[in-house]
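A.B. asks: Reading the sequence shown from the start, the letters are residues 7 to 370 in our numbering. Quick reminder that beta carbons are idealized off the backbone N, C-alpha and C, glycines included. One structure is given below, represented as structure tokens, and several questions about it will come after.
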Amino acid sequence: MRIVFAGGGTGGHLFPIVAVARELKKISKEEIEMMFIGPPTIGEDVLAKEEIKAKFIQAGKFYRYFSFRNFLSLIKLTIGFLQSLWILFRFMPNVIFNKSGFGSIPVILAAWIYRIPILTHESDSIPGLSARFAAKMSKRVAVSFPRAKEFFPPEKTALTGNPIRSELASGSKEEAKTIFGLEGNKPLILVLGGSQGAQAINDIFIAIATGLLIDCEIIHQSGQKNYQIIKTLFLGNLPAGYHLFPFLDEEQMKQALSAADLIVSRAGSSHIFEIAACGKPSILIPLPSAAGDHQKFNAFDFAQSGAAVVINQENLTPNFLKNKILSLVRDSSLLSRMSAAAKNFIQIDAANHVAEEVLNIAKK
7 MRIVFAGGGT GGHLFPIVAV ARELKKISKE EIEMMFIGPP TIGEDVLAKE
57 EIKAKFIQAG KFYRYFSFRN FLSLIKLTIG FLQSLWILFR FMPNVIFNKS
107 GFGSIPVILA AWIYRIPILT HESDSIPGLS ARFAAKMSKR VAVSFPRAKE
157 FFPPEKTALT GNPIRSELAS GSKEEAKTIF GLEGNKPLIL VLGGSQGAQA
207 INDIFIAIAT GLLIDCEIIH QSGQKNYQII KTLFLGNLPA GYHLFPFLDE
257 EQMKQALSAA DLIVSRAGSS HIFEIAACGK PSILIPLPSA AGDHQKFNAF
307 DFAQSGAAVV INQENLTPNF LKNKILSLVR DSSLLSRMSA AAKNFIQIDA
357 ANHVAEEVLN IAKK
């Protein structure tokens, strides 16, 4: 059996694909050959580790306002479509699992021409244009948030939750102490800006780190491009209890999630569902430039469960964030209620449900 994964080039697309791929290998009774087709991704090494071949294509990016870059994107889209036609002709999969994103459009168009069945998954509360477009050519559509169901035909849409790597919920605080060199006698704050980092969050934490470290310990994933900048600002000597990383690999993320008492994060769907799977209280800061403001809807849909506090970036100041963090970590009963709400929010078997449906479609 041959399965193609299509999606954009960010961690929000990559990691759900990895989660589904792992489940497919667990439950399939026949050998599966898997391939990813899309724009260059940050996780080429991750795909290789999962035995997923990678074929990279041109895709471009669509801007929701007049820009000459849209004309360049159309050229890239055309090239990517021709590349996808050739790749799919040679590989000819039984089914395509589409994780959406503009980078998946050339693949979906080519698959539609070949009449290859497609299952599209939308992670966000407000679906992007690419997911809405792909849904028209998809046999089935899966969504992570109840709100997203309103945008797709009900007869072929199911609420599955967002596929996450189940391994992330299996860390231990003792192992985290060893990996990160934690002191372990203060509340631990885990700061996640997404796979690319978040400049606004980084800037705030540079300003408040010294004050927070009196009461807390911090693990900060800054993003590769911001890592050296932050180290330079601290003159190369990070304060005791401040553990800075450009990127957390799966093992590090697993242990950091386990040890954290509170998580400060962007509101991408993957991060929200990983936080929920580990039952962690969180402060979510939606990315204001996210398409369709989907991160804000993700965050508020999650916060309605009682699992998180949402702070809009326009209201984000150093003192406000510092005081909010300290007020939460000093209220153990509130953290416990937020933790329980997070666990109740998630559909922990989302990856299995999606993998089962992918196999069902492939066999028809």
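Decide if Q230 is buried, meaning its Cβ has at least 16 other Cβ atoms within 10 Å, or exposed.
C.D. replies: The residue labelled residue 230 in the question sits at position 224 within the sequence shown. Q230 comes out exposed.
A.B. asks: Could you tell me the alpha carbon to alpha carbon distance between L198 and K328, rounded to whole angstroms?
C.D. replies: Residue mapping note: residue 198 aligns to position 192 of the sequence shown, counting from 1. Residue mapping note: residue 328 aligns to position 322 of the sequence shown, counting from 1. Distance between the alpha carbons of L198 and K328 is about 16 Å.
A.B. asks: Between which two residues does the beta strand (DSSP E) carrying E50 extend?
C.D. replies: The residue labelled residue 50 in the question sits at position 44 within the sequence shown. Here E50 belongs to no beta strand (DSSP E); instead the alpha helix (DSSP H) covers E50 to K55.
A.B. asks: If you follow the beta strand (DSSP E) that N104 is in, where does it begin and where does it stop?
C.D. replies: Position 98 of the sequence shown, counted from the first residue, corresponds to residue 104. N104 -> beta strand (DSSP E) spans V101 to N104.
A.B. asks: In three-state DSSP terms, what is Q227?
C.D. replies: The sequence position of residue 227 within the sequence shown is 221, counting from 1. Q227: strand per DSSP, three-state reduction.
A.B. asks: Note down, in chain order, each residue of its chain lying with its Cβ closer than 6 Å to the Cβ of F158, except the 5 sequence neighbours on either side.
C.D. replies: Taking the sequence shown and counting its residues from 1, one reaches residue 158 at position 152. A141 and V147.
A.B. asks: Give me the Cα-Cα distance between K35 and K369, rounded to the nearest whole angstrom.
C.D. replies: Here the question's residue 35 lines up with position 29 in the sequence shown. Here the question's residue 369 lines up with position 363 in the sequence shown. One C-alpha to the other measures close to 12 Å.
A.B. asks: Could you tell me which residues DSSP pairs with V372 in its beta bridges?
C.D. replies: As shown, the chain starts at 7 and ends at 370. That puts residue 372 outside it, with no answer to give.
A.B. asks: Looking at the unbroken beta strand (DSSP E) that takes in L268, where does it start and where does it end?
C.D. replies: Numbered from its first residue, the sequence shown carries residue 268 at position 262. Here the beta strand (DSSP E) through L268 covers L268 to S271.
A.B. asks: Could you check whether N104 and G15 sit closer than 8 Å to each other, using their CB atoms as the reference points?
C.D. replies: Numbered from 1 along the sequence shown, position 9 holds the residue referred to as residue 15. Numbered from 1 along the sequence shown, position 98 holds the residue referred to as residue 104. No, they are not a contact pair.
A.B. asks: Excluding five sequence neighbours on each side, which residues of the same chain lie with their C-beta closer than 6 Å to the C-beta of V270?
C.D. replies: Here the question's residue 270 lines up with position 264 in the sequence shown. So the qualifying residues of the chain are V197 and I289.
A.B. asks: What are the complete alpha helix (DSSP H) segments, minimum 4 residues, inside the segment 92–145?
C.D. replies: You should have 111–120 and 135–141.
A.B. asks: Consult DSSP for F351 and reduce its assignment to one of helix, strand or coil.
C.D. replies: Stepping through the sequence shown from its first residue, residue 351 is reached at position 345. Helix at F351.
A.B. asks: Taking only three categories from DSSP, how would you classify K31?
C.D. replies: Position 25 of the sequence shown holds residue 31. In this structure, K31 counts as helix in the three-state DSSP scheme.
A.B. asks: Using a threshold of 8 Å, state whether the C-beta atoms of I225 and L194 are closer than that.
C.D. replies: Position 219 of the sequence shown, counted from the first residue, corresponds to residue 225. Position 188 of the sequence shown, counted from the first residue, corresponds to residue 194. In contact: I225 and L194 (Cβ atoms closer than 8 Å).
A.B. asks: Kindly indicate which residue of G217, I207, P45 and D221 has the alpha-carbon position closest to the one of E189.
C.D. replies: Position 183 of the sequence shown, counting from 1, holds the residue named residue 189. Nearest C-alpha to E189: D221.
A.B. asks: In whole angstroms, what is the alpha-carbon distance linking I38 and K31?
C.D. replies: Position 32 of the sequence shown, counted from the start, is the residue given in the question as residue 38. Position 25 of the sequence shown, counted from the start, is the residue given in the question as residue 31. Their Cα atoms are separated by approximately 7 Å.
A.B. asks: What residue range does the alpha helix (DSSP H) around S264 cover?
C.D. replies: Your numbering for residue 264 matches position 258 in the sequence shown. Taken as a continuous stretch (DSSP letters only), the alpha helix (DSSP H) holding S264 covers E256 to A265.
A.B. asks: Is it buried or exposed for Y248, if we count other Cβ within 10 angstroms and need 16 for buried?
C.D. replies: Locating residue 248 in the sequence shown gives position 242, counting from the first residue. Per the 10 Å Cβ criterion, buried.
A.B. asks: Roughly how many angstroms lie between the CA atoms of G285 and A164, to the nearest whole one?
C.D. replies: Against the sequence shown, residue 285 aligns to sequence position 279. Against the sequence shown, residue 164 aligns to sequence position 158. Their Cα atoms are separated by approximately 24 Å.
A.B. asks: Using alpha carbons as the reference points, say which of A246, A116, P152 and Y120 lies closest to E128.
C.D. replies: The count along the sequence shown starts at 1 and reaches residue 128 at position 122. Here the closest residue by C-alpha is P152.
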